[in-house]
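Student: Numbering (our numbering), first residue to last: 28 to 698.
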Ligand code: IVH
């Protein structure tokens, strides 16, 4: 094969592959590679075609934009083509683009730009005649889209009629339809409960929802829209700037992004992008970058377009939050309560701004649901602080090896059991299993329990593996010399840990009960138990009937507490701890009150699994007050990703701060 034949074949292969992905994405709504991987393929095609312009064919995917209409919907010709955007990922590229704009405009003054979030959704074109919505179409290939009017009419953000002054006789409004994160999570929770297929991500969910043949199904989906521009406009209205377009749209009752802004010069665009990136976890919807447009429309017109892309606008893209990689292995970890959790070991991949090599798989049911095999190519998602998750298996390149639950505990070799109805398998050895022992000690020492500073994961591993500590009580028999002799421990840190252990002796009954690590007894239940019984002996002697008297202790939790207290080994540890000097002030008994009565909570940042309002309502239902700002009287702050000044204030004032997982545990116990 000659060199040009080789290139010809390479091009044909690339085009075939890209066509297949376009079909999966646009027609089947079931992409098998991430956007970033798709972009990389496309970029390869463009580069190869640029090097061999004589081999560009009219049917190459590079010659059109997006996917062809898929049938089922009538074709709609866009009066003004829907363009796509050039993209860049570095400030250098952005500077170069800005310099090109300035050069073409023959100006040395900084350009005024309109910046706004680039919404990760589905583009639509809305046609309004005399203010009435007459048609809504998808972008399609940029020239011809699909008529999805009936579906778009079900979206509350899309007004059926515009209102206000200076309405054009005809206007095409362009925007992005998306699914907010809370709606996405709620949909998937409900889909899972019904046994239906979940949405892979919000963007796919939005695309699939728009392409339903029955608008009633679309109506039930949590779709929203932000408008970001206009196409054809008939009439006297002549906006001079992008900013003016945004203002007019807003005035007519169309949703525009509240974070859009006008800045001067490219460095202010970079500043805007940075601020927005920091706010990304709190937005409540997915964005994949910033769109930067020359604000002045006359200047934009001077710059003009090159083949379906404007020269006057650019997408400055953030690191992708999804990527594909390979599942190298699955390891099983043993938690505090013996829960055996599968963890995916991945070929390291850059996603969500960091390199990820592990992801949680939750339990065996999740592995079956994903139909996962070792060696599979998988789609991984990581956004903000969220733990990376394997979203789906990429079809085609399948792995061979089945994933089996180990026959015995991977740490201690004891038998594994799976209680009825539970998705989780557990090691049966209890505290005889070193993994459970270590986790129990970690929990005992943790901030909301005995709060032993300096007793970290590494030190606990050393203490258990070296046989120095078998139970929490053994901690109080440690001396500084023993600690100082351990690898990587200096005399000073040894002394600090001993001092912290000593300090922890003075605690509260609620903390102590929580520190015991009784299954299902989180911090709030521990507090309720302390308040109800007033002392530990009364709790230890209580039978299940007496235990269910405690607010929010149900039969299952009562059974767990009773079983825990009945076990001689647990009683021995409790006695040894008290003998070692662990003590607490007497507790005033409280009965019957709402569990969080008298407490004031503050919420900050975003929560993944519920909206701020839902969190607030649930706290109020438990008797707590929910305040908007932190003071010394605040009982607790719940901080999600993107938490700002409230978090730092809480830290200054010494108010306890918990994250979402801890908050959910509190709710689970109290509700
Ligand atoms: S303005 C000339 N603004 O990104 C095209 N587009 O990659 C002007 N998009 O097709 C587009 N958010 O569907 C613009 N705030 C935003 C956007 C946005 C998302 C989409 C749009 C466009 C694609 C280009």
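For each residue, glycine too, the CB sits at the ideal point set by N, CA and C.
(1) Name the two residues that bound the continuous beta strand (DSSP E) containing residue 693.
(2) Is the separation between the beta-carbon of residue 386 and that of residue 407 shorter than 7 angstroms?
(3) Could you name the residues of the same chain whose beta carbon sits closer than 7 angstroms to that of residue 355, not counting the 5 residues immediately before and after it, in chain order?
(4) Anyone know if the C-beta pair for residue 669 and residue 308 falls short of 7 angstroms?
(5) Confirm the yes/no value for this check: CB of residue 110, any heavy atom of the ligand IVH, distance under 6 angstroms.
(6) May I have a chain-ordered list of the alpha helix (DSSP H) segments no shorter than 4 residues that lie completely inside the region 51 to 139?
(7) Kindly indicate the opening and closing residues of the beta strand (DSSP E) around residue 369.
(8) Counting pairs of beta carbons, one from the region 126 to 137 and one from the region 77 to 90, are three or more of them closer than 8 angstroms?
(9) Determine which residues share a DSSP beta bridge with residue 360 and list them.
(10) Locate the alpha helix (DSSP H) running through residue 273, then write down its first and last residues.
(11) State the DSSP-derived secondary structure class of residue 436, mapped to helix, strand or coil.
(12) Beta carbon of residue 426, beta carbon of residue 400: below 7 angstroms?
(13) Is there at least one non-hydrogen atom of the ligand IVH closer than 6 angstroms to the beta-carbon of residue 271?
(14) Please work out which residues of its chain come closer than 6 angstroms, Cβ to Cβ, to residue 445, disregarding the five sequence neighbours upstream and downstream, and give them in chain order.
(15) Let me know if residue 249 comes out buried or exposed under the rule of 16 or more other beta-carbons within 10 Å of its beta-carbon.
(16) Taking 7 angstroms as the cut-off, decide whether the C-beta atoms of residue 262 and residue 201 are in contact.
(17) If you scan the region 383 to 431 from start to end, which runs of the beta strand (DSSP E) of 3 or more residues do you find wholly inside it?
(18) Please indicate yes or no: does the CB of residue 685 lie closer than 6 angstroms to some heavy atom of the ligand IVH?
(19) With C-beta atoms as the reference, is residue 558 less than 7 angstroms away from residue 540?
(20) State the Cα-Cα distance for the pair residue 438 and residue 573, rounded to the nearest angstrom.
(21) Name the DSSP bridge partner or partners of residue 253?
(22) By how many angstroms is the C-alpha of residue 488 removed from the C-alpha of residue 510?
(23) Could you pull out every unbroken beta strand (DSSP E) segment of at least 3 residues lying fully inside the region 507 to 543, listed in chain order?
(24) Decide yes or no for the touch test of the region 101 to 116 against the region 299 to 313: beta carbon pairs closer than 8 angstroms, at least 3 of them.
(25) What beta strand (DSSP E) runs, 3 residues minimum, are completely inside the region 429 to 505?
(26) Taking only heavy atoms of the ligand IVH into account, decide whether any of them is closer than 6 angstroms to the Cβ of residue 318.
(27) Should residue 436 go down as buried or exposed, given a rule of 16 or more other Cβ atoms within 10 Å for buried?
(28) Report the three-state DSSP secondary structure of residue 719 (helix, strand or coil).
(29) Can you tell me whether residue 167 is buried or exposed? The criterion is at least 16 other CB atoms within 10 Å of its CB, across all chains shown.
(30) With the cut-off set at 7 angstroms, would you say residue 347 and residue 63 are in Cβ contact?
(31) Assuming contact is defined by CB atoms lying nearer than 7 angstroms, are residue 144 and residue 286 in contact in what I supplied?
(32) Give me, in chain order, the residues of the same chain whose beta-carbon lies closer than 8 angstroms to that of residue 663; leave out the 5 immediate sequence neighbours on both sides.
(33) Under 7 angstroms between the Cβ atoms of residue 296 and residue 319?
(34) In terms of residues, what are the limits of the alpha helix (DSSP H) holding residue 343?
(35) List the endpoints of the continuous beta strand (DSSP E) containing residue 155.
(36) Taking all protein chains shown into account, do 16 or more other C-beta atoms lie within 10 angstroms of the C-beta of residue 679, making it buried, or fewer, making it exposed?
Tutor: Let me lay it out:
(1) Premise fails: residue 693 lies in the alpha helix (DSSP H), 687 to 697, not in any beta strand (DSSP E).
(2) yes
(3) Take residue 355, set aside five residues on each side of it, and the residues of its chain with a beta-carbon closer than 7 angstroms to its own are 372, 373 and 374, in chain order.
(4) yes
(5) yes
(6) 62 to 78 and 118 to 132
(7) 366 to 378
(8) no
(9) DSSP, once it has assigned bridges, lists 368 as partnering residue 360.
(10) 269 to 278
(11) Secondary structure at residue 436: coil, using DSSP grouped into helix, strand and coil.
(12) yes
(13) no
(14) Result list for residue 445: 452, in chain order.
(15) buried
(16) No.
(17) 404 to 408 and 416 to 420
(18) No, Cβ of residue 685 sits at least 6 angstroms from all heavy atoms of the ligand IVH.
(19) no
(20) 37 angstroms
(21) 203.
(22) 13 angstroms
(23) For the region 507 to 543, not a single whole beta strand (DSSP E) run of length 3 or above is found.
(24) no
(25) Fully enclosed beta strand (DSSP E) runs of 3 or longer: 452 to 454.
(26) Under cutoff, so the answer is yes.
(27) buried
(28) Nothing can be reported for residue 719: it is not among the residues displayed for the chain, which extend from 28 to 698.
(29) Using a 10 angstroms sphere on the CB of residue 167, the tally of other CB atoms reaches 16 or more, which defines it as buried.
(30) Yes, the Cβ-Cβ distance between residue 347 and residue 63 is below 7 angstroms.
(31) At the C-beta level, residue 144 and residue 286 come within 7 angstroms of one another.
(32) 626, 628, 629, 682, 683, 684 and 685
(33) yes
(34) Not the alpha helix (DSSP H): residue 343 falls in the beta strand (DSSP E), residues 340 to 344.
(35) Counting along the chain, the unbroken beta strand (DSSP E) around residue 155 starts and ends at 149 to 156.
(36) exposed
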